[in-house]
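Below: the structure, in structure tokens.
There are 4 protein chains.
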Amino acid sequence: MRTKDEGKINRIYQATVDLVMQVGIAGATIPKIAKKAGMASGTLYIYFENKEDLLRQLYLHLKSEMVSVTFGALDKSAPFKLQMFQLWKEFLAMAVEKYPERIFLEQYKISPFYDEQVMEASIGWVKQAEDFLEEGKNQLLVKDIQKDLVYSMMYGFLNELAVQHRRGLFHLNDHRIGDSFGLLWDAIKA
Amino acid sequence: MRTKDEGKINRIYQATVDLVMQVGIAGATIPKIAKKAGMASGTLYIYFENKEDLLRQLYLHLKSEMVSVTFGALDKSAPFKLQMFQLWKEFLAMAVEKYPERIFLEQYKISPFYDEQVMEASIGWVKQAEDFLEEGKNQLLVKDIQKDLVYSMMYGFLNELAVQHRRGLFHLNDHRIGDSFGLLWDAIKA
Amino acid sequence: MRTKDEGKINRIYQATVDLVMQVGIAGATIPKIAKKAGMASGTLYIYFENKEDLLRQLYLHLKSEMVSVTFGALDKSAPFKLQMFQLWKEFLAMAVEKYPERIFLEQYKISPFYDEQVMEASIGWVKQAEDFLEEGKNQLLVKDIQKDLVYSMMYGFLNELAVQHRRGLFHLNDHRIGDSFGLLWDAIKA
Amino acid sequence: MRTKDEGKINRIYQATVDLVMQVGIAGATIPKIAKKAGMASGTLYIYFENKEDLLRQLYLHLKSEMVSVTFGALDKSAPFKLQMFQLWKEFLAMAVEKYPERIFLEQYKISPFYDEQVMEASIGWVKQAEDFLEEGKNQLLVKDIQKDLVYSMMYGFLNELAVQHRRGLFHLNDHRIGDSFGLLWDAIKA
DNA sequence: GATGAATGAGGCTTCATTCAT
DNA sequence: TATGAATGAAGCCTCATTCAT
């Protein structure tokens, strides 16, 4: 028996991400996804229970991937502020390189498919971010303030920059990376 | 002849906003909107050309309403930082009281319905915000930094707080309003 | 009490005829007819029971008008062949000048609105044509052949010329009027 | 996978033709066609792009079928007048046996669906008829007259006979076939 | 009489999903 | 496993008709 083809799942994922970027999550229909992935629509149902399942799996996959990419590259031995700068650069780089994926994540979160269950399964990211900030607090580098506020600020800022970038209104370069980090750091530094 | 009822437009708007919050913009179908608004689906087409038109009108309506509510309450004779605090409170209050409307605005912006034309018609808000920040710069209170970065930070932060609030993860009180403004002010102050 | 406005009926008739020519009988909707006639759609229902009634009345109106126009102009004292030529010219002229009306008649006849009842009410034309041909037979100028065949030939020929004319494939001039009559006369002459 | 069933196309064609005869082209809706053809309405869209496409394909199909049936049976070695009689008989037979199809063709031609493109794709018939008449002219058997007039006469006559037949007003038998051909031949003979 | 807002049935089409091959 | 034909529910929109003004 041939095993389920891992490559096919990736083609489905890629097709979905691309399509959502082009036409939004509502326009990403099964026939279109299948066509873009180069297979019959029925085949999708071999790999996923239904559309909801496909989107959920993709969401969780991307979410975990992004967390590991950004936090994974962190040099934990470096000074905190440097680590933070590193993290910020990673985030911004991701917003540029992987913005189709970001778009998908954003769209999914506000779609009818996103439910409590998925939300709970995806808090790993928040946890990592909060742990990281905790370390900053311990070193008296970060304000003693509720973590969720700091997190909201970082995440919202990042997200908006990604949106602006997608619209061609935000051009990334070293200077602007530095400036944006300046804003961020001044906000949270103790 | 029954006269065209202005109140009906508001019922349609309200129904749309509520529905988008519940099921997303993709799930807000014409039949559902009509039912929620208590009228036949055909009636919608007396007031709006089609679904796209309805969403666009609603978007522009809410956008302008929000701009005028927030900036309108501003006491222009007050010191800059105080004005800013006032603005931030207004924004947060709006995010709490009108979060269904905010959700609609966010969803619409990333939907296939949002196009260049609408974007251009809605830059009033950005203009107002940038003008306000310019004043801060002139008084040497705000960093001399690209305005769009500051704007992105404010808007993104605000947006994320609204999202958190919707999920019941963010509880607004004077203390937290003060803390969040603290983050914001430290970020941008000169 | 104002009496029903005869002029309005004519505006409705004219609008319907024009519209049917432009978009076919299926595309001639009540809202469009009303708009073209310069009145509200509800007004149509003051003058006609419903759409079916409007079309039937218009059909009967045009049919009788055409019969009286063509046969009415006939000089009954002239020699038969001359009368026939006259008639043919009248028919062709009508096909050119009133082709929107012809189109309506043709479309109506094959629409779901055309029923037995209307058919029977509109045989006046056939009767007149057959009476006329009878006279030709009596003068031994027309073949002694079933009248319906002759009628079918004349009517069908005429109709097809009208269709060709509408498509710009048939250009009417004295020469071609003469030629077509030549065909017709040779067909039926004794 | 279920293979695309060619027979299904024929069932769709047949259902459409029957329905158009019963309720006109405006009354032949997709749901009704599908029901008559014994399938779900969505299935139609596997075989045809949309309603317009279905009608166009059917038109071209019937047109070419009719041309090949009538002209195909022609014995080109026979004398011209005999060939012509043969042709006329074929036409009339077709008008009787396939009058639902004829109705469809006529209705389609005056519907909004009929456009330049379809017209050009269907001139094969006219060409064949004109070529045939040309041969008659060359043999000095047919009047030297514009071909389109002769064509219009034949086609219009035939068409009207078909209409009469549909209404039960025209009964086909050898005698009447002969008489009608007599009219036709006398009209065009040199 | 005249208006046109209001209705909801029904048309065309697409979609998620199933299942024969 | 893979295919894509088949399904019918559901979406958007228009229409004929009614009726409050």
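As given, the protein sequences belong to chains L, P, Z and X, one line each in that order. Throughout the first sequence, residue numbering follows the working numbering, covering 30 to 219 in sequence. Throughout the second sequence, residue numbering follows the working numbering, covering 30 to 219 in sequence. Throughout the third sequence, residue numbering follows the working numbering, covering 30 to 219 in sequence. Throughout the fourth sequence, residue numbering follows the working numbering, covering 30 to 219 in sequence. Positions of the beta carbon are idealized from the N, C-alpha and C atoms, including for glycine.
When the Cα atoms are used, Tyr42(P) and Val49(P) turn out to be separated by approximately 11 Å.
Annotation note: the stretch 125 to 154 of chain Z contains the following uninterrupted alpha helix (DSSP H) runs of length 4 or greater, listed N- to C-terminal: 128 to 138 and 145 to 150. With respect to chain X, the C-beta atom of Leu178(Z) has a partner C-beta closer than 8 Å. Membership of Phe186(P) in the alpha helix (DSSP H) is indicated by the continuous run Lys176 to Arg195. Interface annotation, Val52(Z): in contact with chain X, CB-CB separation under 8 Å. Contact annotation: Lys92(P) and Leu121(P) have beta-carbon atoms that are not nearer than 8 Å. The closest CA to that of Phe100(Z), considering only Gln51(Z), Asp160(Z) and Leu169(Z), is found on Asp160(Z).
Beyond the five residues adjoining it in sequence on each side, Tyr128(X) comes within less than 8 Å, by CB distance, of Met50, Ala191, His194 and Arg195 in the same chain, given in chain order.
In this structure, Glu189(L) lies away from Tyr88(P), with their beta-carbon atoms at least 8 Å apart.
Contact between the stretch 166 to 182 of chain L and the stretch 208 to 217 of chain P is present: three or more C-beta pairs spanning the two stretches fall below 8 Å. One Cα belongs to Ser181(Z), the other to Ala124(X), and the distance between them is close to 14 Å. The C-beta distance from Gly67(P) to Arg40(P) rounds to 7 Å, short enough to meet the 8 Å contact threshold. Counting only Cβ-Cβ distances below 7 Å, Tyr184(L) has contacts in chain P at Glu189, in chain order. In the structure shown, Lys156(L) falls within a helical segment according to DSSP collapsed to helix, strand and coil.
Identification of chain L residues near Glu135(P) by a Cβ-Cβ cut-off of 8 Å yields Ile139, ordered along the chain.
Between Ala57(X) and Thr45(X), the C-beta spacing is below 8 Å.
At the C-beta level, Lys176(P) and Leu162(P) come within 8 Å of one another. Residue-level contact by beta carbon holds for Gln175(L) and chain P, with a gap shorter than 8 Å. Within the same chain, Cβ atoms closer than 7 Å to the Cβ of Lys61(P) are found at Leu48, the five residues on either side in sequence being excluded. For Gln168(L), no Cβ of chain P is located within less than 8 Å of the residue's own Cβ. Taking 8 Å as the cut-off, the beta carbon of Glu81(L) is found closer than this to the beta carbon of Phe142(L). Shown here for Ala69(Z): same chain residues with a beta carbon closer than 7 Å to its own, the five before and five after excluded, namely Ala63 in chain order. Within chain X, Phe186, Glu189, Leu190 and Gln193 have C-beta atoms less than 7 Å from the C-beta of Ser181(Z), given in sequence order. In chain order, Leu162 and Ile217 place their CB closer than 6 Å to the CB of Val179(X), counting only its own chain and leaving out the 5 sequence neighbours on each side. Distance from Leu116(L) to Leu103(L) at the Cβ level is roughly 6 Å; contact confirmed, criterion being Cβ atoms closer than 8 Å. Assignment of beta-bridge partners to Val46(P) by DSSP yields no partner.
Beta-bridge annotation (DSSP): Lys172(P) is not paired with any residue. A straight-line Cα-Cα distance of about 16 Å links Tyr76(X) and Lys65(X). A distance of 8 Å or more separates the beta carbons of Val98(P) and Trp154(P). Judged by DSSP in its simplified three-state form, Lys218(Z) adopts strand. Contact of Arg205(P) with chain L is assigned, a C-beta pair being separated by under 8 Å. In its chain, beyond the 5 residues on either side, Phe109 have a beta carbon closer than 7 Å to the beta carbon of Gln168(L). Counting only Cβ-Cβ distances below 8 Å, Ser93(L) has no contacts in chain P at all, with the closest Cβ about 20 Å away. Gly165(L) is the residue among His204(L), Asp203(L), Leu84(L) and Gly165(L) whose C-alpha sits nearest the C-alpha of Ala219(L). Among the residues facing chain L, Ile62(P) is not included, as its CB has no counterpart in that chain under 8 Å away.
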